[in-house]
Amino acid sequence: MDEQAGMDDGGMQWYEEVGRREQFEHDDNERKRHMSKFEIHRATKRRAKLRLGMSGPAGSGKTYSALLIASGLGGRIGMIDTEHGSGDLYADLLPDGYDVLTLSPPYTPARYIEAIRAFEEAGVSTIIIDSLSHAWSGEGGSLDRHGKIADKTGNSWQAWRQVTPEHNALVEAMLRSPCHIIGTMRAKTEYVQEKDERTGKQTVRKIGLAPVMRDGIEYEFTTFFEIDVQHMAYVGKDRTRLFDGEIFKPDAEIGRRLLGWLDAGEEPVSTQREMPREQKAELMDAIDHANTLDDLFKAFSTAYRVATTLPDTDALSELTIAKDKRKAVLESHNDDAFGVAA
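Shown next as C-alpha cells:
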C-alpha cells in the first residue's frame, strides 16, 4: 500500500502542513535571494537640472523662447546653433549675453555630444540645443545614416541596429549633463481651415504637429512645451506639475518658476560610475584596430553597452569620438562591402 494512501486524516494534514512549510521556506529564500539584487529606498524629492523640450513650426519663436527661459534659470548660457547663424540674431536680447557654438553638417549625434561636452567644460549653466531636429533628419543625422546603410546592405533592420546606439548616446549625454538642457525641435506642420467667429469668414491657420525627432522623444524630458505661431506655449508633458492647464507666452518668469521646483529637495545622489582605465583602454584598442566597418560596428556596440550600463557618459563620449575617427579612415579606404556602418 502507498505510504500516503495509508495515512489517516490527521496524518494527511500533518503531511500537507510540512509540505506547505517547506514550500513557504523555499519561496521565502527565493524572495530574499532576488531582493538582495535590488535596493529599495523611500521616494525623495531631490534637486535636479532642467531637461526641457520645445517644439513648434517655423516662426513660432522657439529660439527666442528658449533664451528667455534660460535667462530665468540664471548663470551663463551657451547655445548650440544648427540653424545657420540664427543663434546670433538675438545677441541684444539678454543683458548678460550668451555664447554660441555653430554646428555645421554632418549633424551626427557624436558631433552634438562633442558640442555639449565643449560647453560643459567651458562652465556654462544652461545649454540650449537649437535644434535637435537636425540630429534626426538633417545631413548626417540618424535618418540620413539609416538610409545610406539600408541602401548598401538592403537590410533596414541592420541599419537601425547601427544607428540606434548613436541616437541613444546623444539622449544619454543630455540626460546626464551637469548643465540645464533646453532642446528645441521643429514640428511637422499642417494647415487647417477655420471659421472666424467675429467675421464669419474662413481663415487658414498653420499648426504644429509631432516634433521632427524620433518618436517618443518627449518622454525623455522633464517638461515639454508645444509652441504655436502666435508664440503661445501649451504643455505636452510636465513632471513638475507647475503648468497644468496653462497656456502662456514663454518668458524669464517661466525659467524662474522651473528653477524654484528644480532647486527644492535634497542633494542629488550621483549614479555616475567611472569605467576602469584598463577596460576603457581595451575597448578603445578594439575600436582603433578594427579592420573593417563591420568589425568597427561590433567593437563600438560592445563599448556602448559597457559604457551605458555603468553608466559612464564621459567614457561613452570618448569611445564615440574614437569610433567616428576610425570610421572615417575605413570609409576612405572602402574596406567594407557595407560602405557605411557603425
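Quick note on numbering: the sequence shown equals residues 1 to 342 in full-length UniProt numbering. Backbone N, C-alpha and C fix where the C-beta goes; we use that ideal spot for every residue, glycine too. The structure displayed is predicted, hence computed values, not measured ones.
1. Looking at Ala173 and Ser317, is the spacing between their C-beta atoms short of 8 angstroms?
2. Might you give, ordered along the chain, the residues of its own chain that have their beta carbon closer than 8 angstroms to the beta carbon of Glu197, omitting 5 neighbours on each side?
3. Measure the Cβ-Cβ separation of Ile113 and Thr320 and say whether it is below 8 angstroms.
4. Report yes if the C-beta distance between Leu52 and Ile69 is below 8 angstroms; otherwise report no.
5. Contact defined as beta carbons within less than 8 angstroms: I believe Tyr64 pairs with Tyr98. What is the distance between those atoms, to the nearest angstrom?
6. Indicate whether the contact test is met: 3 or more Cβ pairs, each with one atom in the region 122-137 and one in the region 78-87, closer than 8 angstroms.
7. Quick one, which of Thr308, Asp285, Asn291 and Met232 has its alpha-carbon nearest Met275's?
8. Using a 10 Å radius around the Cβ and a threshold of 16 neighbouring Cβ atoms, would you call Pro250 buried or exposed?
9. Can you tell me which of the three DSSP states Arg277 falls into?
10. What residues in its chain sit with their C-beta under 8 angstroms from that of residue 351, if we drop five residues either side in the sequence?
11. According to the Cβ coordinates, are Leu258 and Leu132 closer than 8 angstroms?
12. Using 10 angstroms around the beta-carbon of residue 353, count the other beta-carbons present and answer buried if the total reaches 16, otherwise exposed.
13. Once DSSP output is grouped into helix, strand and coil, what is the label at residue 428?
14. Any idea what DSSP makes of Thr223, helix, strand or coil?
15. Would you tell me roughly how many angstroms separate the C-alpha atoms of Gln202 and Glu331, rounded to the nearest one?
16. Taking just the CA atoms, how far does Lys280 sit from Ala58?
17. Tell me whether Arg214 sits in a helix, a strand or coil according to DSSP, three-state version.
18. Starting from Val329, trace the alpha helix (DSSP H) in both directions and tell me its first and last residue.
19. In whole angstroms, give me the CA-to-CA distance for Arg277 and Tyr219.
20. Taking the straight line between their C-alpha atoms, what separation do you get for Arg111 and Gly61?
21. If you count every other CB in all the chains shown that lies within 10 Å of the CB of Gln230, and 16 or more means buried, which is it?
22. Run through the region 34-65 for me and flag every whole beta strand (DSSP E) of 3 or more residues, listed as ranges in chain order.
23. Per DSSP, what kind of secondary structure is Thr82 in: helix, strand or coil?
24. Straight-line CA distance for Ile227 to Gly56?
25. Please tell me whether Ala135 and His146 are closer than 8 angstroms, where the distance is taken between their beta carbons.
26. Compare the beta carbon distance of Leu293 and Lys327 with 8 angstroms and say whether it is the shorter of the two.
27. Does DSSP classify Val306 as helix, strand or coil?
28. Give the secondary structure of Lys188 by DSSP, where H, G and I count as helix, E and B as strand, and everything else as coil.
29. Report the residue from Asp88, Ser104, Ser71 and Thr302 whose alpha carbon sits nearest the alpha carbon of Thr82.
30. Give the secondary structure of Ala91 by DSSP, where H, G and I count as helix, E and B as strand, and everything else as coil.
31. Can Asp96 be considered in contact with the ligand MG, in the sense that its beta carbon sits closer than 7 angstroms to one or more heavy atoms?
32. Give the range of the alpha helix (DSSP H) segment to which Val171 is assigned.
33. Going along the chain, which residues of its own chain have a beta-carbon closer than 7 angstroms to the beta-carbon of Ser86, five neighbours each way excluded?
34. What does the Cβ neighbour count give for Met35, buried or exposed, with the cut at 16 atoms within 10 Å?
35. For a test of the three-state rule: what should DSSP assign to Thr153, helix, strand or coil?
Taking the coordinates as given:
1. Remark: C-beta atoms of Ser317 and Ala173 approach each other more closely than 8 angstroms.
2. None.
3. Against a cut-off of 8 angstroms, the Cβ pair of Thr320 and Ile113 comes out as a contact.
4. With contacts defined by Cβ atoms closer than 8 angstroms, Leu52 and Ile69 form a contacting pair.
5. Wrong, their Cβ atoms sit about 12 angstroms apart, outside the cutoff.
6. The region 122-137, when compared against the region 78-87, does touch it at the 8 angstroms Cβ threshold.
7. Minimum Cα-Cα distance from Met275 among the listed residues Thr308, Asp285, Asn291 and Met232 corresponds to Thr308.
8. A buried status is given to Pro250, since no fewer than 16 other beta-carbon atoms sit within 10 Å of its beta-carbon.
9. Three-state DSSP puts Arg277 in a helix.
10. Any answer about residue 351 is impossible in this case: the structure gives the chain only from 1 up to 342.
11. With respect to the 8 angstroms criterion, Leu258 and Leu132 are not classified as neighbours on the basis of their beta carbons.
12. Limits of the chain in this structure are 1 at one end and 342 at the other, which puts residue 353 out of reach.
13. Residue 428 is absent from the structure shown; the chain starts at 1 and stops at 342.
14. In the structure shown, the three-state DSSP call for Thr223 is strand.
15. Taking the straight line joining both Cα atoms gives about 55 angstroms.
16. CA-to-CA, the gap between Ala58 and Lys280 works out to about 43 angstroms.
17. Arg214 falls in the coil class under three-state DSSP.
18. For Val329, the enclosing alpha helix (DSSP H) has its first and last residue at Thr313 to His333.
19. If I take the Cα positions, the gap works out to 33 angstroms.
20. Each residue's alpha carbon lies about 25 angstroms from the other.
21. The residue in question, Gln230, is exposed, as its Cβ has fewer than 16 Cβ neighbours within 10 Å.
22. Taking 3 residues as the minimum length, the beta strand (DSSP E) runs contained wholly in the region 34-65 are 51-56, in order along the chain.
23. DSSP places Thr82 outside both helix and strand once states are collapsed to three, so it counts as coil.
24. If you take the alpha carbons of Ile227 and Gly56, they lie about 5 angstroms apart.
25. Result no, Cβ atoms of Ala135 and His146 do not sit closer than 8 angstroms.
26. Less than 8 angstroms separates the beta-carbon of Leu293 from that of Lys327.
27. In the three-state reduction of the DSSP assignment, Val306 falls in the helix class.
28. Here Lys188 sits in strand by DSSP.
29. Closest in alpha carbon position to Thr82, among Asp88, Ser104, Ser71 and Thr302, is Ser104.
30. Of the three classes helix, strand and coil, the one that applies to Ala91 here is coil, per DSSP.
31. Inclusion of the ligand MG in the displayed structure is not the case, the ligand content being empty and no account of it being possible.
32. Run containing Val171: Ser156 to Leu175, per the alpha helix (DSSP H) assignment.
33. So the qualifying residues of the chain are Thr63.
34. The predicted model places Met35 with a pLDDT of 49, which falls under 50 and marks its position as unreliable; any figure quoted below should be read in that light. Exposed.
35. In this structure, Thr153 counts as helix in the three-state DSSP scheme.
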